[in-house]
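Residue numbers (my numbering): 3 to 350.
Glycine included, C-beta positions come from ideal geometry on N, C-alpha and C.
Please read all numbers here as calculations on a predicted model, not as lab measurements.
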């Protein structure tokens, strides 16, 4: 037997291979398109999260700058300019009542001594400064600064916005507004609507959670994860995958505040973000495989019918060779039917 005959395959196998071969390029192109669709969808979500983090950071800066402007207005009042501290204390207490986000006002000397504290009744000991490093920074830079989150004498969590008060080149005071962390939490709730699965977070320059929309009672005042501090310390804004404080796999988009250098972040669980994309990809892959399966099954059935008809024609040719009557059977393929009729006519 020649090598050509040994390499023969059945019609059924040939047709199945033909259909499968013609479907593979379609499936390959479909796979590439699906991958591109998933990539584009993920890029869109990443941009949305980063824009949301930047929007949150901008709102935080606006809130901080509003406090700075209010303090600067108070600093140029006549009482403070003339050094009339009792009169200034009256003005400061009135200012606290008009600023719903403030817990109190403290006036400090450049050496850190507290001269006026609206958080205590008039005449009582004003206490000591809560965060001396931020006071020293304001003295050194002579520019508005934001202190990190601290726990006050009464156990409340808050931070201070500090404004230097100068007389020409002479630094006279450090004027501070004490702001509770709840003010930042209220700010996050006002920024923009977002899905329930998203978590908005604000972290101070030391890596302490200042505000959090999910489980604030558990995590506000606690340090952020080491990986979060490492990634946010390496870039002004980025999107990456991390593990949340709850131990959940999440995607994080963050942006630094230009004024305070605090970090505003938006956190989304991996399952929430990847779930719809993964389901879409599996659906498209499943449809492609189903099409391949149906096409192959149809080719297998059709090849079987054609092979059976050709085998019938071969039997008719054998009968003709033996001088026996030939009865041609119909076929799905017109050429096979014509062959059978020709064999029948030849026998006649």
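Would you tell me roughly how many angstroms separate the C-alpha atoms of residue 221 and residue 276, rounded to the nearest one?
To locate residue 221, count along the chain shown from 1; it is residue 219. To locate residue 276, count along the chain shown from 1; it is residue 274. Spanning the two alpha carbons is a distance of roughly 26 Å.
Provide the residue(s) that pair with residue 269 in DSSP beta bridges, ordered along the chain.
On the chain shown, position 267 is the one that residue 269 refers to. Beta-bridge pairing links residue 269 to 201 and 254.
Following the continuous alpha helix (DSSP H) through residue 189, name the residue where it begins and the one where it ends.
Within the chain shown, numbered from 1, the residue matching residue 189 stands at position 187. Per DSSP, residue 189 belongs to the alpha helix (DSSP H) from 183-193.
Let's see if you can read the secondary structure: which residues bound the alpha helix (DSSP H) around residue 216?
Taking the chain shown and counting its residues from 1, one reaches residue 216 at position 214. It is not in any alpha helix (DSSP H) - residue 216 carries neither H nor E in the DSSP assignment.
Go ahead and label residue 292 buried or exposed: buried means 16 or more other beta carbons lie within 10 angstroms of its beta carbon, across all protein chains shown.
The residue labelled residue 292 in the question sits at position 290 within the chain shown. The residue is exposed, with fewer than 16 neighbouring Cβ atoms inside 10 Å.
I'd like to confirm the pairing. Which residues does DSSP put opposite residue 179 in its beta bridges?
As a first step, residue 179 must be located in the chain shown, where it is residue number 177. Note: residue 179 sits in a beta bridge opposite 107 and 163.
Between the Cα of residue 255 and those of 53, 209 and 344, spot the shortest distance and give me the residue it belongs to.
In the chain shown, the residue the question calls residue 255 occupies position 253. Out of 53, 209 and 344, 53 has the C-alpha closest to the C-alpha of residue 255.
Of the residues 244, 94 and 302, which one's Cα is nearest the Cα of residue 228?
Counting from one through the chain shown, the residue named residue 228 turns up at place 226. Ranking 244, 94 and 302 by Cα distance to residue 228 puts 244 first.
For residue 155, is the classification buried or exposed, using 16 other Cβ atoms within 10 angstroms of its Cβ as the cut-off for buried?
Here the question's residue 155 lines up with position 153 in the chain shown. Exposed, by the Cβ-count rule.
By Cβ distance, which residues of its chain are closer than 6 Å to residue 231, with the 5 residues on each side in sequence left out?
Taking the first residue of the chain shown as 1, we reach residue 231 at position 229. Within the same chain, residue 231 has close Cβ partners 209.
Whole alpha helix (DSSP H) runs in the segment 43-111 with 4 or more residues, listed along the chain?
Runs found: 80-84 and 87-100.
Measure the alpha-carbon distance for residue 100 versus residue 269 and round it to whole angstroms.
Your numbering for residue 100 matches position 98 in the chain shown. Your numbering for residue 269 matches position 267 in the chain shown. Distance between the alpha carbons of residue 100 and residue 269: 34 Å.
Just grab the DSSP bridge partners of residue 299 for me.
The sequence position of residue 299 within the chain shown is 297, counting from 1. None, per the DSSP bridge assignment.
Label residue 171 either buried or exposed according to how many other C-beta atoms from any shown protein chain fall within 10 Å of its C-beta, with 16 as the threshold for buried.
Counting from one through the chain shown, the residue named residue 171 turns up at place 169. Residue 171 comes out exposed.
Judging by CA-CA distance, which residue of 84, 189 and 297 is the nearest neighbour of residue 23?
Locating residue 23 in the chain shown gives position 21, counting from the first residue. Comparing Cα-Cα distances from residue 23 to each of 84, 189 and 297, the minimum goes to 297.
Give me the Cα-Cα distance between residue 84 and residue 118, rounded to the nearest whole angstrom.
As a first step, residue 84 is located in the chain shown; it is residue number 82 there, counting from the start. As a first step, residue 118 is located in the chain shown; it is residue number 116 there, counting from the start. Approximately 15 Å, taken between the alpha carbons.
Would DSSP call residue 149 helix, strand or coil?
Along the chain shown, read from residue 1 onward, the residue named residue 149 stands at position 147. Residue 149 falls in the coil class under three-state DSSP.
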